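This report refers to the structure that appears directly beneath it.
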Amino acid sequence: MAQKRDYYEVLGVSKTATADEIKKAYRKVAIKYHPDRQTGKSEEEQKEAEEKFKEAAEAYSVLSDEQKRQQYDQFGFSGPGGFGDGGFGGFGGGGFSMDDIFSMFGDVFGGGRGFGGFSGFGGGGGGGGGQRVHKGSDLRIRVKLTLKEINEGCTKKFKIRRKVTCSECSGSGAEKGSQPETCPTCGGRGVQYKVVNSFLGQMQTQTTCSQCGGEGKIIKNKCKHCGGTGLESAEELIEVQIPAGVQEGMILPVSGKGNMGAHGGIPGDLQVIITEEENDTYIRDGQDIIYNLLLDFPTAALGGSVDIPSLDGKKLRMTIEPGTQPGTVKRLRGKGLPPVRGYGYTNGDLIINISVYVPKTLSKDERKALEKMQESDNFKSDKSVLRSIFESFRRYF
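Residue 737 is where the sequence shown ends in this note's numbering, and the numbering goes up by one at each step.
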């Protein structure tokens, strides 16, 4: 089992932090690692965020309680309260669920059940009730990259139009001089409770408040600028770092640069979709790049050297062996494209397909020379050579 971290370290506060500083620090950490902020991330990243979300809840539960905090400061995890083992966080040992986390700390997020309207990790959720915290929608843009930009990585700037917090009401949705009022139906909880009789006895159920829609507040005097949504449209210049090695169709998420959520909610993400420009020199095949080299007949027969263009603009000198056949494939290791964000793998290869150019017109002297060569056994067709060319193509494709 991983060693538990100091609660003050988890929330990023000092041991002399006030109750208000602890509450603000917890709010910041909880929003950062909240399940609805992990959309599009890998399973491993979501699992890590879940653990940090629970860790922060555990730290806040102890440090926000004066008696528990005093006990923790004096004894640490091994004190009489048993902070080090048992259930969620070890305190009390009751086995806390994600629903308990959302329920316990509603005061941090404005009353009621706090994040009750969020989905939670792994379906744990907030139990289907509580004040609703809106998440803004995601935005999508396409960026077209050259092969050079893909090889080196680049920075792109875009102007996007997105929903941001209303400048007139600061996101409350209420007209200046007024404030949203506590919903009289649910008392600000965002949920309505109902007791029903069943064969198991009386049971309490809860549903989203029908009057406030789960927000816990109602707006009587709506902001004229935003119509009560707490949002306005604005143009923003966004700078995006494109890593080297990206491929057609990849989506790069830019966290928090989508539309802002209504009434002080959290923003969605900006999704940058990668497209590639066609290249006149190379054909891309994953991390490999393919270059078609056309040799003149004398060089193919006699051998020599040729310059091959590389992705970084430099020339690569390659030796041509005497008697090089059409269809020969050469591979220059590591001269292809890099892997996305490194990941410990090597670059792809530069693959060279060799063809031999046969001129359509000949001078008299050239024709005579070729007719003379035609009589030589070395220039007569050889089935073994044809088989060799066929095998070269088959190995590659």
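Virtual Cβ for every residue (Gly too), placed ideally from N, Cα, C. These numbers were taken from a predicted model, which means no experiment stands behind them.
Identify which residue in the options has its Cα closest to the Cα of residue i.
i, options, result
"residue 352", "654, 396, 373 and 553", "396"
"residue 613", "623, 642, 601 and 581", "581"
"residue 688", "697, 632 and 673", "673"
"residue 519", "545, 491, 503 and 559", "559"
"residue 517", "362, 561 and 548", "561"
"residue 617", "359, 637, 483 and 667", "483"
"residue 569", "599, 587, 593 and 545", "599"
"residue 506", "572, 607, 680 and 362", "572"
"residue 667", "659, 693, 531 and 363", "693"
"residue 655", "511, 557 and 690", "690"
"residue 660", "544, 521 and 638", "638"
"residue 590", "404, 373 and 481", "481"
"residue 649", "503, 602 and 629", "629"
"residue 356", "381, 491, 404 and 382", "404"
"residue 592", "358, 382 and 373", "382"
"residue 513", "603, 473, 586 and 544", "603"
"residue 473", "624, 601 and 625", "601"
"residue 491", "681, 523 and 701", "681"
Hey, could you find the ends of the alpha helix (DSSP H) residue i is sitting in?
i, result
"residue 366", "359-372"
"residue 590", "Unbroken run through residue 590: none, as it is neither H nor E."
"residue 665", "It is not in any alpha helix (DSSP H) - residue 665 carries neither H nor E in the DSSP assignment."
"residue 710", "704-714"
"residue 377", "From DSSP, residue 377 is part of no alpha helix (DSSP H); its letter is neither H nor E."
"residue 406", "406-415"
If we ignore side chains and look at the alpha-carbon of each, how far apart do residue i and residue j end up?
i, j, result
"residue 726", "residue 713", "Confidence at residue 726 is low in this model, with a pLDDT of 48, below 50, so the placement of that residue should be treated as unreliable; the coordinate-derived value is given next. Spanning the two alpha carbons is a distance of roughly 19 Å."
"residue 615", "residue 685", "23 Å"
"residue 345", "residue 417", "10 Å"
"residue 458", "residue 475", "Unreliable placement is indicated for residue 458, whose pLDDT of 39 sits below 50; no coordinate value is reported for it."
"residue 527", "residue 549", "10 Å"
"residue 699", "residue 705", "14 Å"
"residue 594", "residue 609", "6 Å"
"residue 751", "residue 414", "Nothing about residue 751 can be reported from this structure: the residues present for the chain run from 341 to 737 only."
"residue 360", "residue 391", "24 Å"
"residue 354", "residue 393", "20 Å"
"residue 621", "residue 631", "7 Å"
"residue 578", "residue 371", "22 Å"
"residue 366", "residue 552", "27 Å"
"residue 709", "residue 718", "14 Å"
"residue 679", "residue 662", "35 Å"
"residue 574", "residue 529", "32 Å"
"residue 755", "residue 485", "Within the shown structure, residues of the chain are numbered from 341 to 737, placing residue 755 beyond reach of any answer."
"residue 369", "residue 511", "22 Å"
"residue 588", "residue 665", "34 Å"
"residue 388", "residue 343", "15 Å"
"residue 496", "residue 489", "10 Å"
"residue 606", "residue 596", "8 Å"
"residue 502", "residue 515", "22 Å"
"residue 703", "residue 641", "20 Å"
"residue 409", "residue 373", "23 Å"
Taking the beta carbon of residue i as the centre, do at least 16 other beta carbons fall within 10 Å, making it buried, or is it exposed?
i, result
"residue 535", "exposed"
"residue 634", "exposed"
"residue 707", "exposed"
"residue 554", "buried"
"residue 557", "buried"
"residue 567", "exposed"
"residue 643", "exposed"
"residue 443", "Bear in mind that the predicted position of residue 443 carries a pLDDT of just 49, short of 50, making it too unreliable to give a figure here."
Using C-beta distances below 7 Å, list every residue in its chain close to residue i, excluding the 5 sequence neighbours before and after it, in chain order.
i, result
"residue 493", "582, 583 and 584"
"residue 657", "645 and 647"
"residue 399", "347, 350 and 351"
"residue 636", "697"
Hey, could you find the ends of the beta strand (DSSP E) residue i is sitting in?
i, result
"residue 497", "494-505"
"residue 628", "628-636"
"residue 581", "571-582"
"residue 671", "669-672"
"residue 395", "Here residue 395 belongs to no beta strand (DSSP E); instead the alpha helix (DSSP H) covers 383-403."
"residue 685", "It is not in any beta strand (DSSP E) - residue 685 carries neither H nor E in the DSSP assignment."
"residue 350", "It is not in any beta strand (DSSP E) - residue 350 instead sits in the alpha helix (DSSP H) that spans 347-351."
"residue 616", "610-616"
"residue 647", "644-649"
"residue 677", "Careful: residue 677 lies outside any beta strand (DSSP E) and carries neither H nor E."
"residue 559", "Here residue 559 belongs to no beta strand (DSSP E), and DSSP marks it neither H nor E."
If you drop the 5 nearest sequence neighbours on each side, which residues of the same chain put their C-beta closer than 6 Å to that of residue i?
i, result
"residue 508", "563 and 565"
"residue 487", "619"
"residue 447", "At residue 447, the pLDDT of 46 sits below 50, so the modelled position is not reliable; the number obtained from the coordinates is stated separately. Result list for residue 447: empty, nothing under 6 Å."
"residue 525", "549 and 551"
"residue 478", "598, 608, 609 and 611"
"residue 627", "676, 677 and 688"
"residue 623", "630"
Skipping 5 residues on each side, what residues in its chain have a beta carbon closer than 8 Å to that of residue i?
i, result
"residue 499", "575, 576, 577 and 578"
"residue 670", "658, 691, 692 and 694"
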